[in-house]
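Enquirer: Protein chains in written order, with the numbering used here: chain A, 67 to 208; chain B, 67 to 208; chain C, 38 to 454; chain D, 38 to 454.
Just so you know, even glycine gets a beta-carbon here, dropped at the ideal spot from N, CA and C.
All figures in this text were calculated on a predicted structure; none of them were measured in a lab.
One structure, as structure tokens, below. Some questions next.
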Ligand SMILES: Cc1ncc(COP(=O)(O)O)c(C=O)c1O
Ligand SMILES: Cc1ncc(COP(=O)(O)O)c(C=O)c1O
């Protein structure tokens with residue numbers, strides 16, 4: 067699936083969740099489900115400090131594709147992080163650089179994308195783009 | 067005449083001046099009429115610096131009574147100064163200390179008494195009171 | 038759900054005065070707003086907005102230097118507000134009241150001007166462990182510049198300042214700066230004791246009263262405090278204005294802070310002489326409308342009666358602590374009872390992240406603050422990422438507290454579920 | 038008396054837009070108000086007051102750190118204003134816009150922070166001879182602290198800066214600070230020439246645009262200016278707020294000015310790290326309502342069209358200079374024609390003291406400013422105690438000018454009579 071299709075799928079899933087509590091319940095469930103990051107990558111280096119919540123992000127580059135693992139101390143952020151990874155992991159740097167992340171707004175959690183709240187998720191998205199940009203530049207030059 | 071009577075007289079005079087222009091004309095006339103201060107007293111020491119206009123004030127103490135001469139660079143201030151001197155000159159320090167200057171407000175020039183305008187006239191009134199206080203203190207001690 | 042027509046304090050009809058704050062009457066995500074972020078900023082009564090509107094509609098003009106009618110009226114109104122503030126905190130003189138942008142600027146002013154004149158390498162400034170960043174960073178900046186050090190009164194597990202070492206801590210200290218009421222814990226500190234101890238060594242004291250003046254009577258002469266700072270926007274007044282009170286004898290000793298219009302007597306390129314108090318510290322065109330709005334806010338509070346406000350808030354605080362205590366897993370950060378507490382309740386629930394809890398409360402229309410509340414060292418002290426902070430104003434009622442308790446329960450169910 | 042229904046500029050209907058400023062429609066001492074003190078402060082259109090009222094009635098809340106709905110809306114509105122300002126002056130980035138209390142604070146910020154980092158004993162700051170005190174005293178304060186000196190671009194009898202010595206004057210200068218338009222003379226200075234000359238020596242320039250932004254297009258990229266300051270209250274906006282623009286590369290180099298909430302990233306008692314632009318320079322709770330009001334003022338001006346404003350004011354200025362020229366005994370202080378002038382006409386009549394003239398004008402309902410206009414060195418330069426200053430805004434009309442001319446004649450008759 068393309069990044070766009072992944073996002074469409076998530077948006078479609080959320081359309082069945084009519085109330086805000088159902089949506090949150092689902093996100094929280096996602097947040098709980100799996101340890102997203104190998105604990106040895108939960109280092110100061112991989113830490114993205116938001117004003118409210120913290121996110122750890124680790125990137126792997128294999129066969130021209132980037133994959134991410136991550137974690138957060140806040141469970142809602144963690145649930146969203148897990149969706150972001152579902153959407154972006156396994157794509158080429160170029161795809162990631164070009165991707166527009168719309169699903170968070172579409173499912174009604176746009177405040178997580180507001181720079182004014184300066185939370186971990188937004189910083190994480192920026193960081194992912196930066197990684198992708200870096201690998202894209204590398205592959206162009208090599 | 068007492069200070070109070072002098073003020074009453076001025077207020078009564080002004081009651082005949084119905085329009086503001088007549089009042090100002092009268093004050094300006096007073097301002098022009100006589101050189102109020104001997105030029106050798108127009109010194110830096112006798113200068114009272116207002117934000118808008120400057121006043122020079124000289125005090126003489128004779129036979130237990132204070133008399134004042136003064137000048138200002140602004141003609142309206144000068145006219146008022148001449149009235150103030152008419153009212154306060156030739157009285158004892160105690161009379162001056164106790165006097166309440168009401169005529170300026172009564173004739174409708176209260177803004178000259180407003181500290182917010184910080185003009186020369188208000189500072190001059192303060193200075194006169196200070197002179198009177200000083201001489202009063204002296205005469206008590208002597 | 039409690040009957041909200043029961044008014045906890047007979048002197049104030051809370052349901053009635055809520056009408057002065059129409060902003061409260063709105064729905065957020067479909068639920069009626071419960072505004073419990075008052076320590077961040079309070080809502081403004083109509084009288085405050087009207088005072089500013091009237092100012093702009095009738096006398097708006099630059100103050101002090103104008104000959105003309107509007108300027109004189111504007112100046113009278115502006116200086117009238119200064120007098121109201123002086124009376125409100127019982128300052129001896131109205132020129133001891135300096136208008137600033139807020140508490141933060143007031144503290145920066147003292148830090149910079151006091152520091153410039155009195156602080157030398159090796160000296161210390163003493164603050165407490167429960168300060169807002171605004172009462173830490175200005176001191177760090179000037180201490181760094183002067184080679185002085187910042188010393189800290191520690192705090193115990195309950196949030197109370199540990200004062201038995203105060204005499205030792207005061208050695209070499211040039212100024213003590215601490216808050217009357219902590220914005221992160223809500224605890225009322227023993228101000229008189231600290232002030233008189235500092236004074237016994239001739240050390241002046243700055244009191245950060247940002248979380249105090251809106252909740253209780255503050256009398257600067259009775260406290261004998263040297264400097265005091267607070268913000269209008271936390272006192273039902275407009276944003277962008279606040280107050281520095283300073284004893285005349287201190288303010289006269291301090292060099293000016295900012296330079297510009299109003300704060301000077303004469304200017305030449307060679308030599309400038311400064312104006313008298315309070316103008317020496319008010320460079321530039323002041324926030325006339327803000328000052329007038331703050332004056333109206335003080336009128337409003339005095340109209341309610343500051344003791345009535347304290348009583349009503351005390352009653353609601355007692356009710357809130359009782360009610361929240363029953364929420365499973367709740368931990369209060371800062372242990373004061375309602376007698377030693379003003380405005381603020383900080384808490385955590387189980388190991389729920391405060392950000393998560395705040396978000397789920399928000400979805401229910403309940404506005405609280407989460408995070409470190411600009412008091413990161415307090416969070417570090419308790420090894421927590423932050424707290425959820427519910428903070429009360431005079432217009433809050435029992436229904437707000439009930440909604441908060443129910444909201445937390447619902448959030449906990451969702452988050453821990 | 039001219040027919041006031043004749044509109045000098047077809048693009049703007051002045052009589053119509055006067056309705057946006059109901060304060061103008063009042064009588065002073067029995068005469069209709071003629072407000073010609075706009076360089077001191079302008080009146081505010083209803084749209085500005087409404088924007089602030091709406092803010093307080095719907096979303097008032099502390100910005101930036103709140104999780105909750107109101108705080109997010111308030112933050113969006115506040116940051117939205119920053120963007121409007123960035124667009125208004127064509128800043129490259131919105132984080133190059135710092136909210137301050139006004140021009141005075143903006144200049145103090147640069148003087149203190151730039152001075153701290155870059156100024157050393159023996160260095161110089163260059164200002165002009167026609168500066169407002171707010172662009173003199175801050176530099177005097179920092180120069181005194183650092184052992185630097187203040188150098189002055191002289192002015193000729195007409196009020197024009199004497200620039201043939203500029204290269205020599207720039208030797209050893211660390212920063213040039215001067216005004217775009219002089220508030221005492223109304224003359225538009227040759228900003229581009231001065232900026233490019235300073236830049237040829239890599240010297241940064243601060244432009245005091247307090248009397249410029251309300252009268253003409255100001256484009257910081259086109260000017261290539263490094264810092265620029267202006268006040269909301271002179272730009273049809275609320276009191277208590279203003280703007281410092283700074284090029285990103287400069288702002289990033291400057292140390293913080295005030296310390297407190299918002300301007301930090303992390304705080305411990307040992308070490309504090311500062312936030313990114315623009316927050317690094319915005320300590321404490323900002324003036325949210327003020328910022329939003331300023332945003333609305335900019336919307337208002339853009340609605341009129343800043344070029345239309347310039348054109349209408351230019352036409353009125355031409356008319357005013359023509360009309361006043363005919364008043365017997367009048368002397369203009371500052372000789373520019375309307376093409377090189379914005380807003381301000383400073384004059385004296387015979388040897389009438391400006392204070393006397395101002396008072397008699399006031400009695401006729403005409404508000405002008407008298408005195409040194411916080412530019413005492415300018416008065417000293419021309420050996421005068423002060424001037425009478427009439428200053429125009431977009432809502433002034435020919436009737437205002439006619440009333441002024443008639444008022445001066447009446448005053449002269451009374452005073453010289
Ligand atoms: C040219 C100039 N600079 C600076 C200022 C100071 O502006 P403010 O008093 O709004 O800080 C003014 C206005 O008084 C001015 O006209
Ligand atoms: C105790 C305390 N001090 C200082 C401040 C800073 O106040 P302001 O942001 O209004 O300057 C606050 C509020 O944020 C506070 O609660």
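Could you check whether the Cβ of residue 129 of chain D sits closer than 9 Å to any Cβ belonging to chain A?
Expert: No, residue 129 of chain D does not count as interfacial toward chain A.
Enquirer: Ligand 1 and residue 418 of chain D: does any heavy atom of the ligand fall closer than 8 Å to the residue's C-beta?
Expert: No, Cβ of residue 418 of chain D sits at least 8 Å from all heavy atoms of ligand 1.
Enquirer: How long is the line joining the alpha carbons of residue 133 of chain A and residue 67 of chain A, rounded to whole angstroms?
Expert: Going by the C-alpha atoms only, they are around 15 Å apart.
Enquirer: How far does the alpha helix (DSSP H) with residue 360 of chain D in it reach, from first residue to last?
Expert: Its alpha helix (DSSP H) spans residues 343-362.
Enquirer: For chain D, find out if any of its Cβ atoms is closer than 9 Å to the Cβ of residue 278 of chain C; answer yes or no.
Expert: Taking Cβ atoms only, chain D reaches closer than 9 Å to residue 278 of chain C, which makes this a yes.
Enquirer: If we count Cβ pairs, one from each stretch, closer than 8 Å, do we get three or more for the stretch 214-225 of chain C versus the stretch 379-388 of chain C?
Expert: Taking 8 Å as the limit for Cβ pairs, the verdict is that the stretch 379-388 of chain C does touch the stretch 214-225 of chain C.
Enquirer: Using DSSP's beta-bridge definition, name the partner residues of residue 308 of chain D.
Expert: The partner list for residue 308 of chain D (beta bridge, DSSP) is empty, contrary to what the question assumes.
Enquirer: For residue 406 of chain C, which residues in chain D fall below 9 Å Cβ to Cβ?
Expert: Per Cβ cutoff of 9 Å: 99, 102, 103, 104, 105 and 108.
Enquirer: What is the rounded straight-line gap between the Cα of residue 437 of chain D and the Cα of residue 253 of chain D?
Expert: Roughly 21 Å between the two C-alpha positions.
Enquirer: Cα separation between residue 191 of chain D and residue 216 of chain C?
Expert: Rounded to the nearest angstrom, the two C-alpha atoms are 50 Å apart.
Enquirer: Residue 387 of chain C to residue 368 of chain C, Cα distance in whole Å?
Expert: Those two C-alpha atoms are separated by around 8 Å.
Enquirer: Would you kindly check if the distance between the Cβ of residue 118 of chain B and the Cβ of residue 104 of chain C is under 9 Å?
Expert: Yes, they are a contact pair.
Enquirer: Please report how far the alpha carbon of residue 317 of chain C lies from the alpha carbon of residue 288 of chain C, in whole angstroms.
Expert: Their Cα atoms are separated by approximately 9 Å.
Enquirer: Distance, Cα to Cα, residue 205 of chain D vs residue 169 of chain D?
Expert: Answer to the nearest angstrom: the Cα atoms are 24 Å apart.
Enquirer: Less than 8 Å between the CB of residue 216 of chain C and some heavy atom of ligand 2, yes or no?
Expert: Under cutoff, so the answer is yes.
Enquirer: With DSSP as the reference, please indicate the residues paired to residue 216 of chain D in a beta bridge.
Expert: Paired residue(s): D:245.
Enquirer: May I have the straight-line CA-CA distance separating residue 100 of chain D from residue 432 of chain C, to the nearest angstrom?
Expert: The alpha-carbon atoms of residue 100 of chain D and residue 432 of chain C are separated by roughly 21 Å.
Enquirer: Can you give the Cα-Cα distance for residue 163 of chain C and residue 176 of chain C, rounded to whole angstroms?
Expert: Rounded to whole angstroms, residue 163 of chain C to residue 176 of chain C spans 9 Å at the Cα level.
Enquirer: My parser needs the beta strand (DSSP E) runs of 3 or more residues fully inside the stretch 130-170 of chain A; what are they?
Expert: 131-138, all fully within the stretch 130-170 of chain A.
Enquirer: So for residue 43 of chain D, helix, strand or coil by DSSP?
Expert: Low confidence applies to residue 43 of chain D: its pLDDT is 43, below 50, so where it sits in the model is not reliable, and the reading given next is rough at best. Three-state result, residue 43 of chain D: coil.
Enquirer: How many whole angstroms separate the CB atoms of residue 114 of chain D and residue 126 of chain D, which I take to be in contact at a CB cut-off of 8 Å?
Expert: Not quite, the Cβ-Cβ distance comes to about 20 Å (not below 8 Å), so this is no contact.
Enquirer: Based on DSSP bridge pairs, tell me the residues matched to residue 2 of chain D.
Expert: Residue 2 of chain D lies beyond the residue range present for chain D, which begins at 38 and ends at 454; the question has no answer from this structure.
Enquirer: Report buried or exposed for residue 406 of chain C, applying the criterion of at least 16 other Cβ atoms within 10 angstroms of its Cβ.
Expert: Classification for residue 406 of chain C: buried.
Enquirer: Is the closest heavy atom of ligand 1 to the C-beta of residue 180 of chain C under 8 Å?
Expert: Not under cutoff, so the answer is no.
Enquirer: Leaving out the 5 sequence neighbours to the left and right, which residues in its chain are closer than 6 Å to residue 302 of chain D when beta-carbon positions are compared?
Expert: Excluding residues within five positions, the ones whose Cβ falls inside 6 Å are 310 and 312.
Enquirer: May I ask you to check if the CB of residue 37 of chain D is nearer than 8 Å to at least one heavy atom of ligand 2?
Expert: For chain D, the structure presents residues 38 to 454; residue 37 of chain D sits outside this window and is missing.
Enquirer: Using a C-beta cutoff of 9 Å, does residue 393 of chain D count as contacting chain B?
Expert: It does; some Cβ of chain B falls within 9 Å.
Enquirer: Along chain D, in chain order, which residues have C-beta atoms closer than 7 Å to that of residue 119 of chain B?
Expert: Those are 390 and 392, listed as they occur along chain D.
Enquirer: State the CB to CB distance for the pair residue 69 of chain B and residue 157 of chain B, rounded to an integer number of angstroms; the pair is presumed to be in contact (CB under 8 Å).
Expert: With a Cβ gap of about 6 Å, residue 69 of chain B and residue 157 of chain B count as contacting.
Enquirer: Under 9 Å between C-beta atoms, does residue 303 of chain D make it to chain A?
Expert: Closer than 9 Å: yes.
Enquirer: Our contact map puts residue 314 of chain D next to residue 132 of chain D with C-beta atoms below 8 Å; I'd like the distance itself, whole angstroms only.
Expert: 4 Å between Cβ atoms; contact.
Enquirer: With 16 other CB atoms within 10 Å as the buried threshold, where does residue 150 of chain C fall?
Expert: Per the 10 Å Cβ criterion, buried.
Enquirer: Between C:447, C:373 and C:329, which lies nearest to residue 92 of chain C when the distance is taken from Cα to Cα?
Expert: That would be C:329, whose Cα lies nearest to the Cα of residue 92 of chain C.
Enquirer: Output, in sequence order along the chain, the residues in the stretch 111-138 of chain C whose CB is closer than 8 Å to any CB in chain D.
Expert: Those would be 138, in chain order.
Enquirer: With 16 other CB atoms within 10 Å as the buried threshold, where does residue 100 of chain B fall?
Expert: Exposed, since its Cβ has fewer than 16 Cβ neighbours within 10 Å.
Enquirer: Check whether the Cβ of residue 406 of chain D lies closer than 8 Å to any heavy atom of ligand 2, and answer yes or no.
Expert: No, the Cβ of residue 406 of chain D stays beyond 8 Å of every heavy atom of ligand 2.
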